[in-house]
Structure formats: C-alpha cells, structure tokens
Amino acid sequence: MGISCRSAGMRILATGLCLAALLSPLQAMADAKTVDGVVVKIGVVSAAQDGNLPENFTAPLHKEKAIQRLLVNLSRAENQQRIDNAIVRAEVKNPGGTMEKKILHRIRNSTDYSELFRFDRSGNYLITISIQTKNRKEPLEAVFTENIP
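This is how it looks when you write it as structure tokens:
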C-alpha cells in the first residue's frame, strides 16, 4: 500500500520533505560561532535517523530517543576552508548538572566530527567544544546552549 498524493501541491510538499530528509544533518546546523578565526558549527540529530557514523564506530545504532548525535563542523573564517586535522572534544552538561565528556571522531568520507551523547531531560544543555589544531599551542573553546523540549 502506497501513499497517494492527488494534488500537485501535496506532491511538491512530499518531494520537498523527502529531499530535506536526505540532506546532510550538517547542512541544517542551527548554531555557529566564530572563535579566533575558526567557525564552529554544531548540530544535534537523532542517532537512530543519522546514517553518518564516525570512522571507528562499532556499536549498534541506538533506537532510544534520548541518544543524540552531536555534529561539529570546523572551517576557517577568512576562506571557509574546512579544518579536518583537529582534535575535537565536547562536554555536554544536562539541565541537572550531569556532564559527559568525549572526544569527537571524524565522520566517514567527511571533514566533520561526531559522537553520541545522552539528551534525556528537557531543558537547556550547555555544550562546550574544545578544538586543538597543530598550529596552536592552546585549544580554542566555543560554548553553546541547546534547548531540548
């Protein structure tokens, strides 16, 4: 049994929704900050729906809604060149004060970084991204707030 779209408007809407679902989650990132010439973009997407896994990912996909993938994209502010050789760490503090700290891993066939985190409470999460590159002695830090309804 399939879905029937009788009007052209409904077909256009359905096509648009399908295309949006196929786009990379990084294209839909809502939060971005520039720190010392580096643009840091983050996004939080459902791990069960995301097909982009880190290069070293071996665990089964999580079906649990609370498990979300934190995605980080780095680029140089002056020329938008992607930064793909950084060590990226994330600290995610939930509304109750519990913190998870992890190193993010490169996504296969991409210059973006990713890891799974638990977002199991409603409210504001404090996300601190630490970026260490070869040409810097001290890591850069960008702090974001992500609201989970």
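Numbered according to our numbering, the sequence shown spans residues 4 to 152.
By construction, the Cβ of each residue, glycine as well, lies at the ideal position given by its N, Cα and C atoms.
What's the C-alpha gap between Val42 and Val75? Looking at the two C-alpha atoms, the distance is approximately 10 Å.
My parser needs the beta strand (DSSP E) runs of 3 or more residues fully inside the segment 80-110; what are they? Counting only unbroken stretches of 3 or more residues, the beta strand (DSSP E) elements lying wholly within the segment 80-110 are 90-96 and 102-109, in sequence order.
Near Pro98, what residues of its chain come up, given a Cβ to Cβ distance below 8 Å and the 5 sequence neighbours on each side ignored? So the list reads Arg124, Ser125, Gly126, Asn127 and Tyr128, once near-sequence residues are dropped.
Where Ala80 falls, given that 16 or more other Cβ within 10 Å makes a residue buried: Per the 10 Å Cβ criterion, exposed.
I'd like the span of the beta strand (DSSP E) that includes His120, first residue to last. The residue asked about is misnamed: residue 120 is Phe in this sequence, not His. Looking at the DSSP string, the run of the beta strand (DSSP E) that includes Phe120 is Tyr116 to Arg121.
In this structure, how does DSSP classify Asp34 when only helix, strand and coil are distinguished? Collapsing the DSSP output to three states places Asp34 in a strand.
Tell me whether Ile130 is buried or exposed, calling it buried when 16 or more other Cβ atoms sit within 10 Å of its Cβ. Ile130 comes out buried.
Quick check on DSSP: helix, strand or coil for Glu141? Judged by DSSP in its simplified three-state form, Glu141 adopts coil rather than helix or strand.
Find the nearest neighbour of Leu143 within the set Arg85, Ile106 and Asp39, judged by alpha-carbon distance. Residue Asp39 is the option with its Cα nearest to Leu143.
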